[in-house]
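Novice: Line by line, the protein sequences are chains A and B. With the first letter of the first sequence counted as 1, position 227 gets the number 299 in my numbering; the numbers rise by one all the way through. With the first letter of the second sequence counted as 1, position 80 gets the number 336 in my numbering; the numbers rise by one all the way through. Sharing a structure with you now.
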Amino acid sequence: MIVVESLCADRCGTRVLADVSLAVAAGEVAVLVGPSGGGKSTLLRCLSGLEAFVSGTVAIAEHRLTPGPQPADRLERIRRDVGMVFQQFHLFPHLTAIGNVALAPRVVRGLPAEEARDRARSLLERVGLARFADAWPATLSGGQQQRVAIARALAMEPRVLLFDEPTSALDPTMAGEVLEVVAELARGGQTMVIVTHDHAFARRAATQVIEIVAGRVARRGSPGELL
Amino acid sequence: MTVALVVACVAPWSGRAAAADLEEIRRRGELIWAADQEGGGPHVFPDPADPARLTGFEVELAGLIAKRLGVRPRFQQGPWDRLPLLLGRSADCVMNGMELTAVRQRDYACSRPYFAYALQIVSHREGPLASPEQLLRAGPRGAWRVGVLTGSAAEIEMRSRDPEAVAVSGFDGTLDSLEQVRAGVLDAAVLDDCIVTFYAERFPELRMVGRSFAGGFYTVLTARDTPQLSAAIDAALGTLVADGTLEALYDRWHLAGRQQVLLVRDATEVPPAPVRGLAELLAGTLPLLLRSAAMTVLLAVASFPLAIAIGLVVAVGRQYGPGWLDRLAGCYVELLRGTPLLLQLYAIFFLLPRVGLPLPPVAAAILGLALNYSAYESEIYRAGLKAVPVGQFEAALSLGMSRWQALCHVILPQAVRIVMPPVTSDFIALFKDTSVCSAVTVMELTKRYSVLALGTGAIVELAAVTALLYLAMSWPLALLVRRFERRWESSGTGPGR
Ligand SMILES: Nc1ncnc2c1ncn2[C@@H]1O[C@H](COP(=O)(O)OP(=O)(O)OP(=O)(O)O)[C@@H](O)[C@H]1O
Ligand SMILES: [Mg+2]
Numbered sequence: 073m074i075v076v077e078s079l080c081a082d083r084c085g086t087r088v089l090a091d092v093s094l095a096v097a098a099g100e101v102a103v104l105v106g107p108s109g110g111g112k113s114t115l116l117r118c119l120s121g122l123e124a125f126v127s128g129t130v131a132i133a134e135h136r137l138t139p140g141p142q143p144a145d146r147l148e149r150i151r152r153d154v155g156m157v158f159q160q161f162h163l164f165p166h167l168t169a170i171g172n173v174a175l176a177p178r179v180v181r182g183l184p185a186e187e188a189r190d191r192a193r194s195l196l197e198r199v200g201l202a203r204f205a206d207a208w209p210a211t212l213s214g215g216q217q218q219r220v221a222i223a224r225a226l227a228m229e230p231r232v233l234l235f236d237e238p239t240s241a242l243d244p245t246m247a248g249e250v251l252e253v254v255a256e257l258a259r260g261g262q263t264m265v266i267v268t269h270d271h272a273f274a275r276r277a278a279t280q281v282i283e284i285v286a287g288r289v290a291r292r293g294s295p296g297e298l299l
Numbered sequence: 257m258t259v260a261l262v263v264a265c266v267a268p269w270s271g272r273a274a275a276a277d278l279e280e281i282r283r284r285g286e287l288i289w290a291a292d293q294e295g296g297g298p299h300v301f302p303d304p305a306d307p308a309r310l311t312g313f314e315v316e317l318a319g320l321i322a323k324r325l326g327v328r329p330r331f332q333q334g335p336w337d338r339l340p341l342l343l344g345r346s347a348d349c350v351m352n353g354m355e356l357t358a359v360r361q362r363d364y365a366c367s368r369p370y371f372a373y374a375l376q377i378v379s380h381r382e383g384p385l386a387s388p389e390q391l392l393r394a395g396p397r398g399a400w401r402v403g404v405l406t407g408s409a410a411e412i413e414m415r416s417r418d419p420e421a422v423a424v425s426g427f428d429g430t431l432d433s434l435e436q437v438r439a440g441v442l443d444a445a446v447l448d449d450c451i452v453t454f455y456a457e458r459f460p461e462l463r464m465v466g467r468s469f470a471g472g473f474y475t476v477l478t479a480r481d482t483p484q485l486s487a488a489i490d491a492a493l494g495t496l497v498a499d500g501t502l503e504a505l506y507d508r509w510h511l512a513g514r515q516q517v518l519l520v521r522d523a524t525e526v527p528p529a530p531v532r533g534l535a536e537l538l539a540g541t542l543p544l545l546l547r548s549a550a551m552t553v554l555l556a557v558a559s560f561p562l563a564i565a566i567g568l569v570v571a572v573g574r575q576y577g578p579g580w581l582d583r584l585a586g587c588y589v590e591l592l593r594g595t596p597l598l599l600q601l602y603a604i605f606f607l608l609p610r611v612g613l614p615l616p617p618v619a620a621a622i623l624g625l626a627l628n629y630s631a632y633e634s635e636i637y638r639a640g641l642k643a644v645p646v647g648q649f650e651a652a653l654s655l656g657m658s659r660w661q662a663l664c665h666v667i668l669p670q671a672v673r674i675v676m677p678p679v680t681s682d683f684i685a686l687f688k689d690t691s692v693c694s695a696v697t698v699m700e701l702t703k704r705y706s707v708l709a710l711g712t713g714a715i716v717e718l719a720a721v722t723a724l725l726y727l728a729m730s731w732p733l734a735l736l737v738r739r740f741e742r743r744w745e746s747s748g749t750g751p752g753r
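Right under this line is the structure:
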């Protein structure tokens, strides 16, 4: 599902990813770990085309990314198949929970508003937030907001879901709620790449752990071997 | 407007005390006379050879009168149609082609006439207007389009005619109406004959239509409570007539000196207008003020959405477009913000006809306001776009949206909420800025006020009524927007999450 070969990426003139190669098969849950500043976020952003890279190749969900800036339509097609969940949730504050989830299917896929809302409702149910469909993001707890963000990403039915520290901004109880949802997705066979510092979760859900240190793959293996 | 309001507030207390009568003028050694040099020649205008110096027959006359009073003359600039308001405050007398009218007789002390004027119609050499009588009925293409100087006797005369026959446009500068006749925008201009003669050489394409008509006299205005000054000015004019000085002065300015001096008589031949009560005043003026208030609303309501649309395009272009577009749009914004609205209106209204793009006054006014405000709106929108966190944009993109979709569905709706308060206050500002549009002859509220104040002499009372009308229009708007804001806040979607 994902094959990265010899990926090098710069940020502000300094190399932050050097010769990164990895492979994630369909249905796998890959967990990225490593010290702060190692380049984990940059790697995820390269995978979803939010960041351009200097050399190497990325193949993801049957799309290919090449070095340098990519044409807009290719990026749009890739992102429809590659969802992203951010540490800071980034919910759209001017829309209700259900509005957040229904927006992209309506706008990008051209789904009729009614159908988009029905599907959004069942997705919210899936992340345990059926009661909060009409709540504004600002009135939700962090854990609830992150679950809405996951539902929002799922609404596009992505083949790959990328998580960048989805629980770092949450206290342990709320983090638990979110990880429960992620574990459920894993059981359902969703391909995922998750950046996290939560080793307990990694041991429980990961099929593969990749440690990134100073822009390089330092170690790679099963959770049992590495953690 | 503000000036008039302030005057309205302080008038009851300060009016009496400040008027300087002859004794104080002598002690001061200066006679301060007020005029508007924008009115032009031959009255008062900057000397073409040395624009820092004023010249004109009234400048010389002021010197002669001051000399008779034993003092030096000092010039005080003021807007022509508001000059009498300066009496007793920053000027001792007003001498600037002020026609002797019944209303002025009632409200000020009018000197004996010092000049006889008549009205002259001017048209383009190739224009269809052949005789003054034609102006009594509609022309071949509907009402004749006629330009006049704001607040002049010509304006009052032309506006008293059937609007089906004559569509009047008022200008602030004497030459503006002649320029518009030359450009073919107007069918005719009506001015004091001495002005037409004075500028004849500058406008060879124009011709006089028929002989001059509907004449009157110029008078020197003084405050009612400076009787010694009024008498001294009368006496001075008397000696200037008697010893031939005035005749020589007019001859030097090619103003038919002999005729002038024969015509100049006693001011009392014009009886003062009756004093009218507030109810009567309002009955006569309120309908007209309301109609012009509707024009003000039209200007604001038509131009602001246009300003927002242009501003939005400019802001989005600068924020998300290529570098050259940002620089180009930056120049657009700085050009429009860095020059006065009045000048932009002039450019649109007076220069576009020269390149073959004549716009009707209301269209020119709306376009000018929209362009000017689009610069401010674009800056506000740009700040609003910047205030939406980048994470929002990335979240939208990572859902597969195009940049355009992200902008329309995620960024702009949030930016709109952020910019709502400054945009509203801009709308209220634009609302008041519509008053500038009178410069391109649009009869909006402030302009109507000026004309009515001049016609009735009720400068202060009408200022208060006009100010109230503006308030009545902008206040509900402010309330409405405050309600919107509260609604957004209570739904938790306001800008400050
Ligand atoms: N916007 C930026 N501008 C310049 N340098 C950046 C930027 N973002 C990240 N970097 C640099 O890139 C390197 C990798 O950063 P990245 O955020 O990918 O690391 P990370 O492994 O996700 O760290 P963390 O665990 O703190 O999130 C760091 O050295 C960081 O200083
Ligand atoms: Mg990171």
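We treat Cβ as the ideally placed atom computed from N, Cα and C, and that holds for glycine.
(1) Under 8 Å between C-beta atoms, does Phe204 (chain A) make it to chain B?
(2) What first and last residue would you give for the alpha helix (DSSP H) that runs through His271 (chain A)?
(3) Taking beta-carbon pairs under 7 Å, can you tell me which members of the region 159 to 173 of chain A lie near chain B?
(4) So Leu234 (chain A) and Val289 (chain A) are supposed to be a Cβ contact under 8 Å. How far apart are they, rounded?
(5) Buried or exposed for His510 (chain B), please, with buried defined as at least 16 other CB atoms from any protein chain shown within 10 angstroms of its CB.
(6) Could you tell me whether the Cβ of Val180 (chain A) comes closer than 8 Å to any Cβ of chain B?
(7) Flag Arg151 (chain A) as yes if its beta-carbon sits less than 8 Å from any beta-carbon of chain B, otherwise no.
(8) Relative to ligand 1, is the shortest distance from any of its heavy atoms to the C-beta of Arg574 (chain B) smaller than 7 Å?
(9) Is there a Cβ from chain A that is less than 8 Å from the Cβ of Phe740 (chain B)?
(10) Please name the residues in the region 647 to 658 of chain B whose beta-carbon is closer than 7 Å to at least one beta-carbon of chain A, in chain order.
(11) Where Leu299 (chain A) and Gly573 (chain B) are concerned, what is the direct C-alpha to C-alpha distance, given to the nearest angstrom?
(12) Mapping the DSSP letters down to three states, classify Pro268 (chain B) as helix, strand or coil.
(13) Measure from the alpha carbon of Glu382 (chain B) to the alpha carbon of each residue in B:Val350, B:Leu339 and B:Gly440, then state which is nearest.
(14) Short check: CB of Ala192 (chain A) to CB of Val173 (chain A), under 8 Å?
(15) With a threshold of 8 Å between beta-carbons, can Pro669 (chain B) be considered close to chain A, or not?
(16) Determine the burial state of Cys265 (chain B): buried for a count of at least 16 other Cβ atoms within 10 Å of its Cβ, exposed for fewer.
(17) What in chain B is Cβ-close to Ala176 (chain A), meaning under 7 Å?
(18) Spell out whether any CB of chain A is found under 8 Å from the CB atom of Ala273 (chain B).
(19) Which same chain residues, not among the five before or five after Ser486 (chain B), have their C-beta less than 7 Å away from its C-beta?
(20) For Lys642 (chain B), count the other beta carbons within 10 Å of its own beta carbon; 16 or more makes it buried, fewer makes it exposed. Which is it?
(21) Check for me: the alpha helix (DSSP H) holding Ala439 (chain B) runs from which residue to which?
(22) Hey, Ser681 (chain B) and Leu625 (chain B) are a contact pair by Cβ (cut 8 Å); roughly how many whole angstroms apart?
(23) Assuming Ile684 (chain B) and Ala734 (chain B) are in contact, meaning their beta carbons sit under 8 Å apart, how far apart are those beta carbons, in whole angstroms?
(24) Can you give me the C-alpha to C-alpha distance between Ala444 (chain B) and Met464 (chain B), rounded to a whole angstrom?
(25) Compute every distance between the C-beta of Ser113 (chain A) and the non-hydrogen atoms of ligand 2, then say whether any falls below 7 Å.
(26) Give the interface partners of Val666 (chain B) over in chain A, defined as CB-CB distance under 7 Å, in chain order.
(27) When the cut-off is 8 Å and only beta carbons count, does Arg338 (chain B) lie next to chain A?
(28) Please tell me whether Tyr576 (chain B) and Ala631 (chain B) are closer than 8 Å, where the distance is taken between their beta carbons.
(29) Can you give me the C-alpha to C-alpha distance between Thr690 (chain B) and Leu201 (chain A), rounded to a whole angstrom?
(30) Helix, strand or coil: how does DSSP classify Gln376 (chain B) here?
(31) Counting Cβ pairs, one atom from each stretch, are 3 or more of them under 8 Å apart for the region 296 to 308 of chain B and the region 339 to 349 of chain B?
(32) Taking the alpha-carbon of Arg638 (chain B) as reference, which of B:Leu655, B:Leu663, B:Leu701 and B:Cys693 has the nearest alpha-carbon?
(33) Does the beta-carbon distance from Val497 (chain B) to Ile489 (chain B) come in below 8 Å?
(34) In the structure shown, what three-state DSSP assignment does Gly750 (chain B) receive?
(35) Please work out which residues of its chain come closer than 7 Å, Cβ to Cβ, to Gly271 (chain B), disregarding the five sequence neighbours upstream and downstream, and give them in chain order.
(36) I'd like to confirm the pairing. Which residues does DSSP put opposite Ser425 (chain B) in its beta bridges?
Specialist: With the given structure in hand:
(1) Taking the first residue of the first sequence as position 1, residue 204 (chain A) is located at position 132. Answer no: the Cβ-Cβ gap between Phe204 (chain A) and chain B never drops below 8 Å.
(2) The count along the first sequence starts at 1 and reaches residue 271 (chain A) at position 199. Counting along the chain, the alpha helix (DSSP H) containing His271 (chain A) begins and ends at His271 to Ala277.
(3) Gln160, His162, Phe164, Pro165 and His166
(4) Locating residue 234 (chain A) in the first sequence gives position 162, where the first residue counts as 1. Locating residue 289 (chain A) in the first sequence gives position 217, where the first residue counts as 1. Not really, about 17 Å apart at Cβ, beyond 8 Å.
(5) For the purposes of this step, residue 510 (chain B) is identified with residue 254 of the second sequence, where counting begins at 1. His510 (chain B) is exposed by the Cβ-count criterion.
(6) By one-based count along the first sequence, residue 180 (chain A) stands at place 108. True, the Cβ-Cβ gap to chain B drops below 8 Å.
(7) Numbered from 1 along the first sequence, position 79 holds the residue referred to as residue 151 (chain A). Closer than 8 Å: yes.
(8) What you label residue 574 (chain B) is simply residue 318 of the second sequence in a count that begins at 1. No; taking the cut-off as 7 Å, the Cβ of Arg574 (chain B) has no heavy atom of ligand 1 nearer than that.
(9) Counting from 1 along the second sequence, the entry for residue 740 (chain B) is found at position 484. With 8 Å as the cut-off, Phe740 (chain B) does not count as an interface residue toward chain A.
(10) Gly647, Gln648, Glu650, Ala651, Leu653, Ser654, Leu655, Gly656, Met657 and Ser658
(11) As a working note, residue 299 (chain A) is residue 227 in the first sequence. As a working note, residue 573 (chain B) is residue 317 in the second sequence. Between Leu299 (chain A) and Gly573 (chain B), the C-alpha separation is close to 50 Å.
(12) Looking up residue 268 (chain B) in the second sequence gives position 12. For Pro268 (chain B), the pLDDT reaches just 39, beneath the cut-off of 50, and the residue's location in the model is therefore unreliable, leaving the point undetermined.
(13) In the second sequence, residue 382 (chain B) corresponds to position 126, counting from 1. The candidate whose alpha carbon is nearest that of Glu382 (chain B) is B:Gly440.
(14) Counted from its first residue, the first sequence places residue 192 (chain A) at position 120. Counted from its first residue, the first sequence places residue 173 (chain A) at position 101. For Ala192 (chain A) and Val173 (chain A), yes; Cβs fall inside 8 Å.
(15) For the purposes of this step, residue 669 (chain B) is taken as residue 413 along the second sequence, with counting starting at 1. Yes, Pro669 (chain B) counts as interfacial toward chain A.
(16) Translated into positions along the second sequence, residue 265 (chain B) becomes position 9. Only weak support is given to the placement of Cys265 (chain B): the predicted model assigns it a pLDDT of 42, under 50, and the question is left unresolved by the model.
(17) Here residue 176 (chain A) refers to the residue found at position 104 when the first sequence is read from its first residue. Here the neighbours are Leu655, Gly656 and Met657.
(18) Residue 273 (chain B) sits at position 17 when you count from the first residue of the second sequence. Confidence at Ala273 (chain B) is low in this model, with a pLDDT of 42, below 50, so the placement of that residue should be treated as unreliable; the coordinate-derived value is given next. Chain A contact via Cβ: absent.
(19) Along the second sequence, read from residue 1 onward, the residue named residue 486 (chain B) stands at position 230. For Ser486 (chain B), where only same-chain residues beyond five positions count, the Cβ hits under 7 Å are Ala365, Ser367 and Thr478.
(20) As a first step, residue 642 (chain B) is located in the second sequence; it is residue number 386 there, counting from the start. Flag for Lys642 (chain B) reads exposed.
(21) Numbered from 1 along the second sequence, position 183 holds the residue referred to as residue 439 (chain B). Counting along the chain, Ala439 (chain B) falls outside any alpha helix (DSSP H), and DSSP gives it neither H nor E.
(22) Sequence index remark: in the second sequence, residue 681 (chain B) carries index 425 (1-based). Sequence index remark: in the second sequence, residue 625 (chain B) carries index 369 (1-based). With 8 Å as the limit, Ser681 (chain B) and Leu625 (chain B) do not qualify as a contact, their Cβ atoms being about 16 Å apart.
(23) Taking the second sequence and counting its residues from 1, one reaches residue 684 (chain B) at position 428. Taking the second sequence and counting its residues from 1, one reaches residue 734 (chain B) at position 478. With a Cβ gap of about 7 Å, Ile684 (chain B) and Ala734 (chain B) count as contacting.
(24) Residue numbering aside, residue 444 (chain B) sits at position 188 when the second sequence is read from its first letter. Residue numbering aside, residue 464 (chain B) sits at position 208 when the second sequence is read from its first letter. Rounded to whole angstroms, Ala444 (chain B) to Met464 (chain B) spans 10 Å at the Cα level.
(25) Here residue 113 (chain A) refers to the residue found at position 41 when the first sequence is read from its first residue. Checking every heavy atom of ligand 2 against the Cβ of Ser113 (chain A), one is found closer than 7 Å.
(26) The sequence position of residue 666 (chain B) within the second sequence is 410, counting from 1. Correct list: Phe164.
(27) As a first step, residue 338 (chain B) must be located in the second sequence, where it is residue number 82. It does not; no Cβ of chain A falls within 8 Å.
(28) What you label residue 576 (chain B) is simply residue 320 of the second sequence in a count that begins at 1. What you label residue 631 (chain B) is simply residue 375 of the second sequence in a count that begins at 1. Cβ atoms of Tyr576 (chain B) and Ala631 (chain B): not closer than 8 Å.
(29) Mapped onto the second sequence, residue 690 (chain B) falls at position 434. Mapped onto the first sequence, residue 201 (chain A) falls at position 129. When rounded, the distance between both Cα atoms is 52 Å.
(30) The residue labelled residue 376 (chain B) in the question sits at position 120 within the second sequence. Correct three-state label for Gln376 (chain B): strand.
(31) no
(32) Numbered from 1 along the second sequence, position 382 holds the residue referred to as residue 638 (chain B). Comparing Cα-Cα distances from Arg638 (chain B) to each of B:Leu655, B:Leu663, B:Leu701 and B:Cys693, the minimum goes to B:Leu663.
(33) On the second sequence, position 241 is the one that residue 497 (chain B) refers to. On the second sequence, position 233 is the one that residue 489 (chain B) refers to. No, the pair does not count as a contact, with Cβ atoms beyond the cut-off.
(34) Indexing the second sequence from 1 puts residue 750 (chain B) at position 494. At Gly750 (chain B) the pLDDT is 42, less than 50, meaning the model places this residue with poor confidence; the figure from the coordinates comes in the next sentence. Correct three-state label for Gly750 (chain B): coil.
(35) By one-based count along the second sequence, residue 271 (chain B) stands at place 15. In this prediction, Gly271 (chain B) scores a pLDDT of 39, lower than 50, which makes its location untrustworthy; no coordinate-derived value is stated.
(36) In the second sequence, the residue the question calls residue 425 (chain B) occupies position 169. B:Gly403, per the DSSP bridge assignment.
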